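As structure tokens, the structure follows; a few thoughts come after it.
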Amino acid sequence: WSQAVAGGTSPVAVAGAVIGVLALSYSSTRIFDADDRAFVEAVAAEAGQTLTRTRLHEEQVQLAQRLARLQSVAGELAHRSDLAGVCEAAVRHATAAVDAHIGAVCLPTSDGRRLRIREVLGGDLGDGERWREFPIAGAFPASDAFRRGEPVIVDESNRDLPRFAGYPRLDHLLVCLPLRVDDEVRG
9 WSQAVAGGTS
19 PVAVAGAVIG
29 VLALSYSSTR
39 IFDADDRAFV
49 EAVAAEAGQT
59 LTRTRLHEEQ
69 VQLAQRLARL
79 QSVAGELAHR
89 SDLAGVCEAA
99 VRHATAAVDA
109 HIGAVCLPTS
119 DGRRLRIREV
129 LGGDLGDGER
139 WREFPIAGAF
149 PASDAFRRGE
159 PVIVDESNRD
169 LPRFAGYPRL
179 DHLLVCLPLR
189 VDDEVRG
């Protein structure tokens, strides 16, 4: 582009929405007449339609892959009859599905006052037993997700919000999702 003497652009639009730009560059001066412009605009319109179909196809393929993965997970979980096996399979599949570095399953203790990490994959607990259990009423993302019954996502864009002030300082994205059965949060 730095050697260009002349150039032009045409929006790539579908149904009035611009989805990209077709850019052309020339190494020498030239006349870009009405026929050239009409042809490039026609190419841009065709490219827009094709890009839209391609994106829709890619989305369908991704959805089919996710549904197949979910069916595989459901099948494996249906054959598990022990808590450790269920937790291990859930963490393994979830971390692989979204390419997470670390995954864990936390379940409430029998007294209902604390969450206990039942399975961790891809990392360790650092201080060992210190973080194995933590209070449901505490200022921890997993505790917050359990209490609220909704996902808690902590990243660079929101880690300084007052709601997260008591959380340990993180240098990575953290997503905590409640484990639900009907309307009841179980972990």
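Heads up: the sequence shown is residues 9 to 195, going by my numbering. From the three backbone atoms N, C-alpha and C, an ideal C-beta is built for every residue, glycine too. Computed from a predicted structure; not experimentally measured.
Taking the DSSP output, what are the residues bridged to Ile144?
Paired residues: none, contrary to the question.
Take the Cβ of Pro143 as the centre, count every other Cβ of all protein chains shown within 10 Å, and call the residue buried at 16 or more, exposed below.
Its Cβ having fewer than 16 others within 10 Å, Pro143 is exposed.
Name the two residues that bound the continuous alpha helix (DSSP H) containing Arg63.
Where Arg63 is concerned, the enclosing alpha helix (DSSP H) stretches over 42–86.
What distance in whole Å lies between the Cβ atoms of Gly28 and Leu59, which are believed to be in contact at a cut-off of 8 Å?
Between Gly28 and Leu59 the Cβ distance is about 7 Å, and since that is below 8 Å, they are a contact.
According to DSSP, is Asp120 part of a helix, a strand, or is it coil?
Residue identity differs from the one stated: residue 120 is Gly in this sequence, not Asp. Three-state DSSP puts Gly120 in coil, outside helix and strand.
Would you please state the rounded distance, in angstroms, between the beta carbons of Ala92 and Glu127? I believe it to be under 8 Å.
With 8 Å as the limit, Ala92 and Glu127 qualify as a contact, their Cβ atoms being about 7 Å apart.
Look at the alpha carbon of Gln73 and the alpha carbon of Val99, and state the distance between them as a whole number of angstroms.
Approximately 19 Å between the Cα atoms of the pair.
Near Val113, what residues of its chain come up, given a Cβ to Cβ distance below 7 Å and the 5 sequence neighbours on each side ignored?
Excluding sequence neighbours, Val113 sits near Cys95, Ala98, Val99, Arg126, Glu127, Gly195.
How is Gly24 classed by DSSP in three states: helix, strand or coil?
Of the three classes helix, strand and coil, the one that applies to Gly24 here is coil, per DSSP.
The beta strand (DSSP E) that contains Leu91, what's its start and end?
Per DSSP, Leu91 belongs to no beta strand (DSSP E); it is in the alpha helix (DSSP H), 91–106.
Taking buried to mean at least 16 other C-beta atoms within 10 Å of its own C-beta, is Thr17 buried or exposed?
Classification for Thr17: exposed.
Out of Phe154, Ser89, Ala102, state which residue places its alpha-carbon closest to the alpha-carbon of Gly120.
When each option's Cα is compared against that of Gly120, the closest is Phe154.
Let me check understanding here. Comparing Cα to Cα, which of Asp152, Ala104, Pro186, Gly56 lies closest to Gly24?
Here the closest residue by C-alpha is Gly56.
What number of angstroms, rounded off, separates the C-alpha of Asp163 from the C-alpha of Val20?
For Asp163 and Val20, the distance between alpha carbons rounds to 34 Å.
Specify the secondary structure class of Ser151 as computed by DSSP and reduced to three states.
Ser151 falls in the helix class under three-state DSSP.
Specify the secondary structure class of Arg126 as computed by DSSP and reduced to three states.
The answer is strand: DSSP assigns Arg126 an E or B state.
How about Val193 and Gly157: do their beta carbons lie closer than 8 Å?
Contact flag set, yes.
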